[in-house]
Structures are given as structure tokens and as C-alpha cells.
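Colleague:
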Amino acid sequence: LEGSGMRDMLKRLKPNRFEDIIAVVALYRPGPMDNIPSYIARKHGTETVTYPHETLAPILEETYGIIIYQEQVMQIAQVLAGYSLGGADLLRRAMGKKIKSEMAAQREIFVKGSVKNGVDEKLASEIFDLVDKFAGYGFNKSHAAAYALVSYQTAYLKANYPVEFMAASMTHDMQNTDKLGLFRRELDRLKAPLLPPDVNRSEVIFDVEDTGKDGLGVRYALSAIRNVGKPAAAAIVAARQDGPFKDLADFADRLDASRTNKRAIETLARAGAFDSVDPDRARVFKGAEVIVRTAQAAAEERTSNQTNLFGDATAAPVLRLPETGQWTEAEALGYELDAIGMYLSAHPLDAFAPALKRLGVTTIADLMRRGPPGGVRSNDRQQGYQRQAEANCRIAATQLGRQERTSAKGSRYAFVQLSDATGVIEATAFSEVLAVTRDLLDSGKPLLLGVEAKMGDGGLRVSIVSAKDLEEAAADMGRELMVYVEDAAALPHISTLLEQEPAGRAQVTLVLEIDPAREITLALKKRIQLSPATAQAIKSLPGVAMAEAL
């Protein structure tokens, strides 16, 4: 029952009995779907319930006079035409196969039996035609009831144990990143945090964790990280049984090296799973081979029962990781996305927060919650996808994925999954727009998108109208960069960096602290194209306390 169309139908139906769920499962298929409006109207009393014959009321009362199940077809044949149970099953099968000669014979039996029971011959023939129509796509009630029971049970768990239910659902679909993204959005709606993977806290599967002030959350599964798998994840969890890992050397010392490899360690580092023992992801990634070799050596040491000169215990391994530069925030987030299929520790748009306010963007969460500006509605299912569409709002997002299709006319179009810090949404890029934005979408850069959003019968429909590099758009809007300097030795480095920046409209202001009571403010002559990358580069310089884009 989780599909959007099914959920929309359930909202209109407002089921208040288990039988309604059984009926929904049987009705929501090609063919019987045509009866859904009547079923809903009859349930709520806006359409009169009628029966083909009064003797069929006990059979069809549960479904408001509509034939839905194969069992009802068989019961009608029994009650109205005097069929035996076996004969009714033969009738059901004949109606399913639509063999003319067999159907003609069954019609004669049905009509004669009905007339014998006091039913008008013409009406009996009409009822046979009606039964024949429904028998063609009737669903087994027993099957529908089984599906409905599972749906009811899962709905109960979702309503009463939502976080536990989400953890179990994520475990069930842990290799499906699209489903995991859907569950992550549902956790956001439930205000339950999705906690990042951690070698000191994560289990093999998704698990519930008490976060304290934020209540229950779901901790990301180690085995859901790409290239890790259950054996390596289980080895890490088993090695942790004696307590949390103190550092990487302790991790290597306790790890069963036969169940993991360099690739798994590298992906764990990209995912940020080692942050609790070493926050330098680039260093851990670069040292993956060293970690595995150290774990192998420690295992060999334990196996051979060698001891050091001072006692029974083996010496703690010495872990010397290669020196390497730290990843930029953008690099770290890109690797995180590759490893787990979503952003967890932060989002690439976080650095653009001041610019987004000036650019007047709408967050994805607001767009999904409030709908398009002015409540624009599409009466035609395709109206929101016109090629000459005009943008009615702006969103800032990164592309998570894209599925391209070919229309009946041979034009390429795409469904694009877009992400910002508040959620994920799917938008359509039609052929003309896709042709001019494909390279930009593939760049992996944060984008400023003009979109047309409309409400249709199936909910919110979004189509991309235009796309621009968000960093360029932010630079065009940049007004001022405030740089707070705590050490004058940083000034030459700031100057060198600013000389490399292209001229623009943003003012750069330096605030230099002379002593706790005095500071000097300098407005530099050169104006630059202000971008989050520039602000981040200056902020990372030694001697700079803060760099803030205003």
C-alpha cells in the first residue's frame, strides 16, 4: 500500500474496517480500478448501493454491491443458479479462459438454473454477462486478505514503533539506495535522525539508537556501505565486543583481517565511519593498506603465540599512516555520497546558506509541503510538462541521479533526482532543457534551478526550466566578505589568495585585532567574485579566525 496512487486512494476511502483493506488490494489493479470511485462513493453514502438480484445481497453487501472477488463469482453461481461448489469453480475457470463454446454451454446452465430458482430469464442472462465481466479480472479474496493482513501489521508497527519499523525497513532494502533515500525522507518527516556510520556504534544492520535529547534515531548499517558487505561488517562488530576502538592502531590490532580488505577500509573512510577514532578521512583512506597489513601482522602474531620480552601479551601494533593533505569539504561530501548514496554529515549547499537567502530560493521541503507559489494547479495531467513552461520558483540542489527515457516521438527526456539540505525531489527535464543542461547536471556541482511546479491529480509535479552553476550565481549576488584576522602573519597569504580571484562586485573587509580592546577594519580596494569556495579557502588559512560572506 506504499505507492503514491494507492495512498491517495486510501485517503479518499478512509477505511475503518479490515474488509476495506482487502477490497483495496483487489481493486487497485488494471480493470477493477474503474470501480474504485463507485466503491468509495457507496461506502460514504453518496451513491446508492444496488444489487443485480435481491438474493445476492448477502454475497455483495460487504463490497457495496460490486463484484470484486472470484469467490463472489462462485457464490453467485451457487445461490442464483444452483451450481455445486465444483461446478462453480469450473464456471470461474471457463470465464477466465473465454472459450466461446464452453461459455455458451455455461450460459445455458446458468440461465436454466436461475430460472428454476425463480429468476427472470432475461435478468439471468444479464447477470451472467455481469459476472463474466468481473470474473475476467476478479482477484482471489484469500490472496487479497493475506496481503491486507501484512499491510495492516506493518501499518500497526509503523504507527506504534516508527523508528524500529524504519530501521527494519532500511535493513530489508539496504542494497537499494533509492529506497534508502525514501526512508531517510520519512525519518526526516518523523523528526528521527539518521545517524552516520561509525565503527564504534554501527551494527551490521540498521539499528535503533537512543540519542538522548533527540530521542530515538536509526544508526546507519556498516554492511549497507558500498564495498563493505556483511562479513567485513560482522568482523568489525565482533572486534568491538571488548569495548570501543580507542584509535586506528587499536582497530587494526583487534580486526579479523581475513574477513576484510583494503577496499572495504577505503570505503569506510569515505563514508566517515572512522570519524570517532580519526576525523581525518583522507589520512585514513590513504592508510587503508597499512591498516590491513597491520591487522594481518597482529593476527599472525596471535596465531603463533609469540610474546614480547616483558610478559605474555603481544606488543601493541605501531601504525604509521602516510602523510597526506586533508580533503576539502566538497571532496569529503562527494566521497561520502559515493560510499553511502546520500549526504549525512553535511550537505554541499550548506556553504551557500547566506547566498541562498539573497537568491530567493525555495527549499525542497517547503515546496513539497506548501506546493507551488500561489497554489498553481494543473487540470491537465500533462499541462505541467509543456515545453514552453515558465519557472514559478527557484530551488538550489545537487543531482543525486538521473534516468533518461525516449518518448514515442524519439525525444530524450529525463527524471532527475535533486537534493538539498531539507530533502529530495524528482523533477522532469524535457528534451530541449535536457540538451542544454546535461553537462551541467553531470558536473556534480550545486545548481540553481528555475522550475515549474504545479499540483495535479497525482500530487506535486516539477519540471526543470533552467539551470545555472550555483557558485556563479552566488558570485553574481555576492556583496561582502568579512575576514576576521587574529594573526597579522596571515595577511600576505590572504593577499596572495585574493590576487588569484577574478574581479567582481563583492567588497572584501579585513578586521584585524590589535589587542582585546582594539581592532582595525580595512576595506580592500579590489572587489571579487564572491563564492563559498573563496570564503572557505580564506577561512582555512592559519591566523584567520573566521571568513563570513554577507
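Mapping of the sequence shown onto our numbering: residues -4 to 545, in sequence order.
Using N, Cα and C, we set each Cβ at its ideal position, and we do this for glycine too.
One question on the structure: do Val213 and Phe269 come within less than 8 Å of each other, judged by their Cβ atoms?
Modeller: As a working note, residue 213 is residue 218 in the sequence shown. As a working note, residue 269 is residue 274 in the sequence shown. No. Outside cutoff.
Colleague: Classify Asp15 as buried or exposed, calling it buried when 16 or more other Cβ atoms lie within 10 Å of its own Cβ.
Modeller: Along the sequence shown, one-based indexing puts residue 15 at 20. Answer is buried; the Cβ neighbour count reaches 16.
Colleague: Express the C-alpha separation of Ile54 and Tyr380 in angstroms, rounding to a whole number.
Modeller: Residue 380 sits at position 385 when you count from the first residue of the sequence shown. Residue 54 sits at position 59 when you count from the first residue of the sequence shown. Confidence is the limiting factor: at Tyr380 the pLDDT is only 34, short of 50, which leaves the residue's position unreliable, though a coordinate-based value still follows. Going by the C-alpha atoms only, they are around 46 Å apart.
Colleague: By Cβ distance below 8 Å, which residues in the same chain neighbour Ile359 in space, the five residues on each side in sequence not counted?
Modeller: If you number the sequence shown from 1, residue 359 lands on position 364. The answer, listed in chain order, is Ile390, Ala392, Leu413, Ser414, Asp415, Thr417, Gly418, Val419, Ile420.
Colleague: Where does Glu42 sit, in a helix, a strand or coil, going by DSSP?
Modeller: Along the sequence shown, one-based indexing puts residue 42 at 47. Here Glu42 sits in coil by DSSP.
Colleague: Could you tell me if His342 is buried or exposed, where buried requires 16 or more neighbouring beta carbons within 10 angstroms of its beta carbon?
Modeller: Locating residue 342 in the sequence shown gives position 347, where the first residue counts as 1. His342 comes out buried.
Colleague: Would you mind reading off the limits of the alpha helix (DSSP H) that contains Phe178?
Modeller: For the purposes of this step, residue 178 is identified with residue 183 of the sequence shown, where counting begins at 1. Per DSSP, Phe178 belongs to the alpha helix (DSSP H) from 172 to 184.
Colleague: Evaluate Asn30 with the Cβ neighbour count: other Cβ atoms within 10 Å of its Cβ, from every protein chain shown; 16 or more gives buried, anything less gives exposed.
Modeller: Locating residue 30 in the sequence shown gives position 35, counting from the first residue. Classification of Asn30: buried, given that the 10 Å Cβ count is 16 or more.
Colleague: Can you check the region 388 to 476 for any alpha helix (DSSP H) of at least 4 residues that lies completely inside it and give the ranges in chain order?
Modeller: 426 to 437, 465 to 472
Colleague: For the beta strand (DSSP E) that Ala247 lies in, which residues bound it at each end?
Modeller: Position 252 of the sequence shown holds residue 247. From DSSP, Ala247 is part of no beta strand (DSSP E) but of the alpha helix (DSSP H) over 243 to 249.
Colleague: Under 8 Å between the Cβ atoms of Val223 and Leu177?
Modeller: Here residue 223 refers to the residue found at position 228 when the sequence shown is read from its first residue. Here residue 177 refers to the residue found at position 182 when the sequence shown is read from its first residue. No, Cβ-Cβ distance for Val223 and Leu177 is not below 8 Å.
Colleague: Using the DSSP secondary-structure output, state which residues sit across from Phe134 in a beta bridge.
Modeller: The count along the sequence shown starts at 1 and reaches residue 134 at position 139. Beta-bridge pairing links Phe134 to Tyr64.
Colleague: Apart from the five residues just before and just after Arg221, which ones in its own chain have a Cβ nearer than 6 Å to its Cβ?
Modeller: In the sequence shown, counting from the first residue as 1, residue 221 sits at position 226. Once the five neighbours on either side are set aside, the close Cβ partners of Arg221 are Thr262, Ala334.
Colleague: Indicate whether the contact test is met: 3 or more Cβ pairs, each with one atom in the region 151 to 160 and one in the region 222 to 240, closer than 8 Å.
Modeller: no
Colleague: Considering only residues of the same chain and omitting the five flanking positions on each side of Gly282, which have a CB-CB separation below 8 Å?
Modeller: As a working note, residue 282 is residue 287 in the sequence shown. Cβ within range, chain order: Leu243, Leu314, Leu316, Pro317.
Colleague: Buried or exposed: which applies to Arg372, given that a residue is buried once 16 or more other Cβ atoms fall within 10 Å of its Cβ?
Modeller: Position 377 of the sequence shown holds residue 372. Summary for Arg372: the model assigns pLDDT 44, below 50, so the residue's position carries little reliability; its value from the coordinates is reported in the next sentence. Per the 10 Å Cβ criterion, exposed.
Colleague: Within this structure, are the beta carbons of Ile61 and Tyr78 separated by less than 8 Å?
Modeller: Residue mapping note: residue 61 aligns to position 66 of the sequence shown, counting from 1. Residue mapping note: residue 78 aligns to position 83 of the sequence shown, counting from 1. No, they are not a contact pair.
Colleague: Would you report the Cα separation of His48 and Val74, rounded to the nearest angstrom?
Modeller: Within the sequence shown, numbered from 1, the residue matching residue 48 stands at position 53. Within the sequence shown, numbered from 1, the residue matching residue 74 stands at position 79. C-alpha separation (whole angstroms): 11 Å.
Colleague: Give the range of the beta strand (DSSP E) segment to which Thr516 is assigned.
Modeller: Here the question's residue 516 lines up with position 521 in the sequence shown. Residues 513 to 518.
Colleague: Which residues bound the beta strand (DSSP E) around Arg235?
Modeller: Walking along the sequence shown from the start, residue 235 turns up at place 240. Arg235 -> no beta strand (DSSP E), and no H or E assigned at all.
Colleague: So, are the CB atoms of Pro10 and Val20 less than 8 Å apart?
Modeller: As a working note, residue 10 is residue 15 in the sequence shown. As a working note, residue 20 is residue 25 in the sequence shown. Contact flag unset, no.
Colleague: Within its chain, find whatever has a CB closer than 7 Å to the CB of Glu116; leave out the 5 residues flanking it on each side and keep chain order.
Modeller: The count along the sequence shown starts at 1 and reaches residue 116 at position 121. So the qualifying residues of the chain are Val106, Val110.
Colleague: Once the 5 residues before and after Ile260 are set aside, which same chain residues still bring their CB inside 7 Å of it?
Modeller: Translated into the one-based positions of the sequence shown, residue 260 becomes position 265. Closer than 7 Å at the Cβ level, and outside the excluded window around Ile260, lie Ala283, Ile286, Val287.
Colleague: Run through the DSSP bridge pairs and tell me what Ile335 is partnered with.
Modeller: As a position in the sequence shown, residue 335 is number 340, starting the count at 1. Per DSSP, none; premise fails for Ile335.
Colleague: Please classify Ile515 as buried or exposed, where buried requires at least 16 other C-beta atoms within 10 Å of its C-beta.
Modeller: Start at 1 with the first residue of the sequence shown, and residue 515 comes out as number 520. Burial call: exposed.
Colleague: Is the beta carbon of Leu436 closer than 8 Å to that of Ser461?
Modeller: Here the question's residue 461 lines up with position 466 in the sequence shown. Here the question's residue 436 lines up with position 441 in the sequence shown. No, the Cβ-Cβ distance between Ser461 and Leu436 is not below 8 Å.
Colleague: Going along the chain, which residues of its own chain have a beta-carbon closer than 7 Å to the beta-carbon of Ala325, five neighbours each way excluded?
Modeller: Residue numbering aside, residue 325 sits at position 330 when the sequence shown is read from its first letter. The residues are Pro343.
Colleague: Please name the residue, chosen from Gln394, Val428, Asn387, that lies closest to Ser406 on a Cα-to-Cα basis.
Modeller: The residue labelled residue 406 in the question sits at position 411 within the sequence shown. Selected option, being the one with the closest Cα: Val428.
Colleague: Express the C-alpha separation of Pro349 and Ala150 in angstroms, rounding to a whole number.
Modeller: Here the question's residue 150 lines up with position 155 in the sequence shown. Here the question's residue 349 lines up with position 354 in the sequence shown. Going from the Cα of Ala150 to the Cα of Pro349 covers about 41 Å.
Colleague: Here's the rule I'm using: 16 or more other beta-carbon atoms within 10 Å means buried, otherwise exposed. How should Ser137 be labelled?
Modeller: Numbered from 1 along the sequence shown, position 142 holds the residue referred to as residue 137. Burial call: exposed.
Colleague: Please confirm whether Arg2 and Leu(-4) have their CB atoms less than 8 Å apart.
Modeller: Here residue 2 refers to the residue found at position 7 of the sequence shown. Here residue -4 refers to the residue found at position 1 of the sequence shown. Yes, they are a contact pair.
Colleague: Assuming Pro441 contacts Leu465 under a Cβ cut-off of 8 Å, what Cβ separation, rounded to an integer in Å, is found between them?
Modeller: Taking the sequence shown and counting its residues from 1, the one referred to as residue 441 is at position 446. Taking the sequence shown and counting its residues from 1, the one referred to as residue 465 is at position 470. Sure, about 4 Å apart at Cβ, within 8 Å.
Colleague: Measuring straight from C-alpha to C-alpha, what distance separates Pro497 and Phe347?
Modeller: Position 502 of the sequence shown, counted from the start, is the residue given in the question as residue 497. Position 352 of the sequence shown, counted from the start, is the residue given in the question as residue 347. Computed Cα separation, rounded: 19 Å.
Colleague: Please state whether the Cβ-Cβ distance between Arg179 and Leu189 is less than 8 Å.
Modeller: As a first step, residue 179 is located in the sequence shown; it is residue number 184 there, counting from the start. As a first step, residue 189 is located in the sequence shown; it is residue number 194 there, counting from the start. Cβ atoms of Arg179 and Leu189: closer than 8 Å.
Colleague: So what does DSSP say about Val223, is it helix, strand or coil?
Modeller: Translated into the one-based positions of the sequence shown, residue 223 becomes position 228. It is coil, neither helix nor strand.
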